[in-house]
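Below is one structure, written out as structure tokens, with a few remarks after it.
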Amino acid sequence: MKRATAFGSPASRGLCLLLGTVVLAASLSACAPLVVGTAVAGGAMVVTDRRTSGAQLEDQGIELRASNRLREQLGERGNVSVTSYNRQVLLTGEVPTEADKAAVEKTVSGVENVRGTVNELAVLGASSLTQRSSDLLITGRVKAAMVDARDLSANVVKVVTTRGTVYLLGRVTEREATRATDIARNTQGVQRVVRVFEIISDEELARMQPRPTPAPVKDATPPK
115 MKRATAFGSP ASRGLCLLLG TVVLAASLSA CAPLVVGTAV AGGAMVVTDR RTSGAQLEDQ
175 GIELRASNRL REQLGERGNV SVTSYNRQVL LTGEVPTEAD KAAVEKTVSG VENVRGTVNE
235 LAVLGASSLT QRSSDLLITG RVKAAMVDAR DLSANVVKVV TTRGTVYLLG RVTEREATRA
295 TDIARNTQGV QRVVRVFEII SDEELARMQP RPTPAPVKDA TPPK
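Mapping of the sequence shown onto this note's numbering: residues 115 to 338, in sequence order.
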């Protein structure tokens, strides 16, 4: 199981922008006790996503299959969010017992194409709608702050928030990881930041960048 790296967070500022408002509004209809996060690969996100197109489809499949299995396993007893990034699965939310926590991880680990899990489930009663709405607002604030940052591409970092803890996922360089962490832990409402990054080298990043199309060469030979 991959270890997550946690950072303390003195919440000192926040950007309450439209993104946060939209995310908060979406939360008001999410009342099911079992919540499974599903990544949608579309539009500009596909262009800047550092996963292969195959990995993006596999992540969607992992989340869907895990959703179905956990719904059968837990029924009404848990609030579990499953987030898959490059086949690495983050488990967040609440379950009633330690046995349930271990069972959820075992179930998700057995899903096809999963290469590792990070189990951040808490043995607690399910969080309230107010708490979930607050978490989604925090996610919106963090994403908005990353969009405002000129030295970080917000689309390469996935943000998940549970009970004030922000989880950061993505394929990033060490510099990008440090910058994203700093932005998150200085966002209003954030209590803790946990990095679940896959660190890549600058050379790997350079190989991922699309090469510019060379301009056509004009024939400078004068007409006869």
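C-beta atoms are modelled at their ideal positions from N, C-alpha and C, and glycine is treated no differently.
Small disclaimer: the values here were computed from a predicted structure and weren't measured.
Please report the distance separating the alpha-carbon of Arg285 from that of Leu188. Within the sequence shown, the letter at position 171 stands for residue 285. Within the sequence shown, the letter at position 74 stands for residue 188. Rounded to the nearest angstrom, the two C-alpha atoms are 31 Å apart.
Distance check for Gly278 and Leu205, CA to CA, integer angstroms please. For the purposes of this step, residue 205 is taken as residue 91 along the sequence shown, with counting starting at 1. For the purposes of this step, residue 278 is taken as residue 164 along the sequence shown, with counting starting at 1. Straight-line Cα distance between these residues: approximately 15 Å.
To the nearest angstrom, report how far apart Ser198 and Phe311 are at their CA atoms. For the purposes of this step, residue 198 is identified with residue 84 of the sequence shown, where counting begins at 1. For the purposes of this step, residue 311 is identified with residue 197 of the sequence shown, where counting begins at 1. The straight-line gap from Cα to Cα measures roughly 12 Å.
Contacts around Arg229, its chain only, beta-carbon distance under 7 Å, and the 5 residues preceding and following it disregarded: Numbered from 1 along the sequence shown, position 115 holds the residue referred to as residue 229. The residues are Arg201 and Gln202.
So, for Glu212: in the same chain, excluding its five sequence neighbours on each side, which residues have a beta-carbon less than 6 Å away from its beta-carbon? As a first step, residue 212 must be located in the sequence shown, where it is residue number 98. The residues are Val237.
With 16 as the cutoff for other CB atoms within 10 Å, does Leu283 come out buried or exposed? One-based indexing of the sequence shown puts residue 283 at position 169. Label assigned to Leu283: buried.
Going by DSSP in three states, Gly189 sits in which element: helix, strand or coil? Residue mapping note: residue 189 aligns to position 75 of the sequence shown, counting from 1. Coil, per DSSP.
Would you tell me roughly how many angstroms separate the C-alpha atoms of Asn233 and Pro330, rounded to the nearest one? On the sequence shown, position 119 is the one that residue 233 refers to. On the sequence shown, position 216 is the one that residue 330 refers to. If I take the Cα positions, the gap works out to 53 Å.
Output the boundary residues of the alpha helix (DSSP H) element that contains Glu212. Counting from one through the sequence shown, the residue named residue 212 turns up at place 98. Taken as a continuous stretch (DSSP letters only), the alpha helix (DSSP H) holding Glu212 covers Glu212 to Ser223.
Buried or exposed: Gly254, going by 16 or more other Cβ atoms within 10 Å of its Cβ? Here residue 254 refers to the residue found at position 140 when the sequence shown is read from its first residue. So Gly254 counts as buried.
Asn182, DSSP secondary structure in three states: Position 68 of the sequence shown, counting from 1, holds the residue named residue 182. Three-state result, Asn182: helix.
Pick from Val273, Gln245, Leu184 and Leu251: whose alpha carbon is nearest that of Gly224? The sequence position of residue 224 within the sequence shown is 110, counting from 1. Selected option, being the one with the closest Cα: Leu184.
Which residues in the same chain as Met322 place their Cβ atom closer than 7 Å to its Cβ, once the five residues preceding and following it in sequence are excluded? Residue 322 sits at position 208 when you count from the first residue of the sequence shown. For Met322, where only same-chain residues beyond five positions count, the Cβ hits under 7 Å are Arg164.
Let's see if you can read the secondary structure: which residues bound the alpha helix (DSSP H) around Leu238? Translated into positions along the sequence shown, residue 238 becomes position 124. Segment: none, Leu238 is in no alpha helix (DSSP H) and carries neither H nor E.
What separation, rounded to the nearest whole angstrom, lies between the Cα atoms of Gln245 and Arg325? Position 131 of the sequence shown, counted from the start, is the residue given in the question as residue 245. Position 211 of the sequence shown, counted from the start, is the residue given in the question as residue 325. When rounded, the distance between both Cα atoms is 44 Å.
Just reading off the beta strand (DSSP E) that Gly254 is part of, what are its end residues? Locating residue 254 in the sequence shown gives position 140, counting from the first residue. It is not in any beta strand (DSSP E) - Gly254 instead sits in the alpha helix (DSSP H) that spans Leu243 to Asp262.
Helix, strand or coil for Thr279 per DSSP? Here the question's residue 279 lines up with position 165 in the sequence shown. The answer is strand: DSSP assigns Thr279 an E or B state.
For Ser198, write down the residues that DSSP places opposite it in a beta bridge. The residue given as residue 198 occupies position 84 in the sequence shown. Answer is Val203.
From the DSSP output, in three-state form, read off Glu318 for me. Your numbering for residue 318 matches position 204 in the sequence shown. Three-state result, Glu318: helix.
Do the CB positions of Ala291 and Arg309 come within less than 8 Å of each other? The count along the sequence shown starts at 1 and reaches residue 291 at position 177. The count along the sequence shown starts at 1 and reaches residue 309 at position 195. Contact: yes.
For Ser195 and Lys220, I'd like the C-alpha separation in whole angstroms. Your numbering for residue 195 matches position 81 in the sequence shown. Your numbering for residue 220 matches position 106 in the sequence shown. About 15 Å.
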